[in-house]
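Participant:
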Amino acid sequence: MKTVATRTLALGAIALVAVPAPAIADPARQLVDINGMYAGPGERALRDRGFAFVSHERNSRGYDYSYWWDEDDDDCVRVEEYDGRVQSISDASDQDCGHHLSSGVETALGVAAGAAILGAIFGSKGHDDDRDENQRNSDREYDRGYTDGLHNASYHNRRGTDEYASGYRAGVTQRNANLRHHDRRGGYSDYADWRDLVGARATAIDQLNNRGFEQVDNFVSGNARYSIWWREGSRQCLQVITADGRLENITDIRTHPRCR
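Here the working numbering is used: the first residue of the sequence shown is 8, the next is one more, and so on.
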């Protein structure tokens, strides 16, 4: 009788494996509420929903792209961040997150699942406990990195984890976003803002005159024109790069032979 009962349980468990799983909703559509968040809280929200950081890259325009993997649902998403905020979350392939199984491997795993299902049923609690503890450790590393980056502490990834690195990067991004209004200068001197002119049409360069700047030097290199602007009252020295009809870059270089 015991043998029959055991066989029935095993066959029932294997039958669960054979039944196709219901279609899972597009995960990126379930994460739209994270769009617009600052990078730190946004990445924390992803972790709370079961995603783990995989990799990161940045393009020449300052956009950050990170890939996140949800092991439970086998989902990979790409997070686009710019200027300290999450801009979009889109679905990515398993390969983007470093997960890919050939059809042969998938078939073999499907066969093995039937034989191993009973062990998984009775042993799942211990695995869940281990996974929960690993997640808590990952969260602690991320939080430590985020706090260090946010408060401009030295980078100290003593365990060499990706979670600390990701958290530190998010903390630095958040700190820069919090200080976006600050010109990185101290004291009591007047200051003229110019950051709103970056990317504007070349004719907007006249705004620098209106804000008290005087052009003191200029030269051409390749397809770009470089000009130096000096504002004596605030002792600001700007380098302006004009290309393709736009103010492509403006940098406060602080010192220049003509800025005096």
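Ideal Cβ placement from N, Cα and C applies to all residues, glycine included.
In this text, all values refer to a predicted model and were calculated from it rather than measured experimentally.
(1) For Arg-253 and Tyr-198, I'd like the C-alpha separation in whole angstroms.
(2) By Cβ distance, which residues of its chain are closer than 7 Å to Ile-248, with the 5 residues on each side in sequence left out?
(3) Please confirm if the stretch 152 to 162 is in contact with the stretch 67 to 75, defined as three or more CB-CB distances below 8 Å between the two stretches.
(4) Do Asn-42 and Val-84 count as a contact pair if the criterion is CB distance below 8 Å?
(5) Determine the burial state of Ala-115: buried for a count of at least 16 other Cβ atoms within 10 Å of its Cβ, exposed for fewer.
(6) Using CA coordinates, which residue listed in Asp-251, Ala-99 and Phe-226 is at the minimum distance from Arg-36?
(7) Classify Asp-80: buried if its beta carbon has 16 or more other beta carbons within 10 angstroms, exposed otherwise.
(8) How many Å lie between Glu-239 and Val-205 at the Cα?
(9) Let's test the definition: count the other Cβ atoms within 10 Å of the Cβ of Leu-16 and tell me whether it reaches 16, buried, or not, exposed.
(10) In chain order, which alpha helix (DSSP H) runs of at least 4 residues are fully inside the stretch 194 to 231?
(11) Secondary structure at Arg-56, three-state DSSP: helix, strand or coil?
(12) How is the alpha helix (DSSP H) around Tyr-171 delimited, first residue to last?
(13) Can you tell me whether Phe-60 is buried or exposed, with buried defined as 16 or more other CB within 10 angstroms of its CB?
(14) Figure out for me which residue from Asp-77, Ile-96 and Pro-34 has the closest Cα to the Cα of Met-44.
(15) Using the rule of at least 16 other Cβ atoms within 10 Å of the residue's Cβ for burial, across every protein chain shown, is Arg-265 buried or exposed?
(16) Leaving out five residues on either side along the sequence, give the residues of the same chain with a beta carbon under 8 Å from the beta carbon of Arg-151.
Facilitator: By the coordinates alone:
(1) Translated into the one-based positions of the sequence shown, residue 253 becomes position 246. Translated into the one-based positions of the sequence shown, residue 198 becomes position 191. If you take the alpha carbons of Arg-253 and Tyr-198, they lie about 24 Å apart.
(2) As a working mapping, residue 248 is identified with position 241 in the sequence shown. So the list reads Ala-231, Tyr-233, Glu-255 and Asn-256, once near-sequence residues are dropped.
(3) no
(4) The count along the sequence shown starts at 1 and reaches residue 84 at position 77. The count along the sequence shown starts at 1 and reaches residue 42 at position 35. It is not a contact, given that the beta carbons lie outside the stated cut-off.
(5) Walking along the sequence shown from the start, residue 115 turns up at place 108. Because the pLDDT of Ala-115 is 46, which lies under 50, any placement of that residue in the model is unreliable, and the number read from its coordinates should be weighed accordingly. The residue in question, Ala-115, is exposed, as its Cβ has fewer than 16 Cβ neighbours within 10 Å.
(6) Locating residue 36 in the sequence shown gives position 29, counting from the first residue. Residue Ala-99 is the option with its Cα nearest to Arg-36.
(7) Start at 1 with the first residue of the sequence shown, and residue 80 comes out as number 73. Result: exposed.
(8) Working through the sequence shown from its first residue, we reach residue 239 at position 232. Working through the sequence shown from its first residue, we reach residue 205 at position 198. Each residue's alpha carbon lies about 21 Å from the other.
(9) Here the question's residue 16 lines up with position 9 in the sequence shown. Its pLDDT being 44, under 50, Leu-16 is placed unreliably by the model, and nothing is read from it.
(10) 213 to 217
(11) Here residue 56 refers to the residue found at position 49 when the sequence shown is read from its first residue. Arg-56: coil per DSSP, three-state reduction.
(12) The residue labelled residue 171 in the question sits at position 164 within the sequence shown. It spans 169 to 185 - the alpha helix (DSSP H) in which Tyr-171 sits, taken as one unbroken run.
(13) Sequence index remark: in the sequence shown, residue 60 carries index 53 (1-based). Counting Cβ neighbours within 10 Å, Phe-60 comes out buried, since at least 16 surround it.
(14) As a working note, residue 44 is residue 37 in the sequence shown. Of the candidates Asp-77, Ile-96 and Pro-34, the one whose C-alpha sits nearest the C-alpha of Met-44 is Ile-96.
(15) Locating residue 265 in the sequence shown gives position 258, counting from the first residue. Arg-265 is exposed by the Cβ-count criterion.
(16) Translated into the one-based positions of the sequence shown, residue 151 becomes position 144. Around Arg-151: Tyr-171 and Gly-174.
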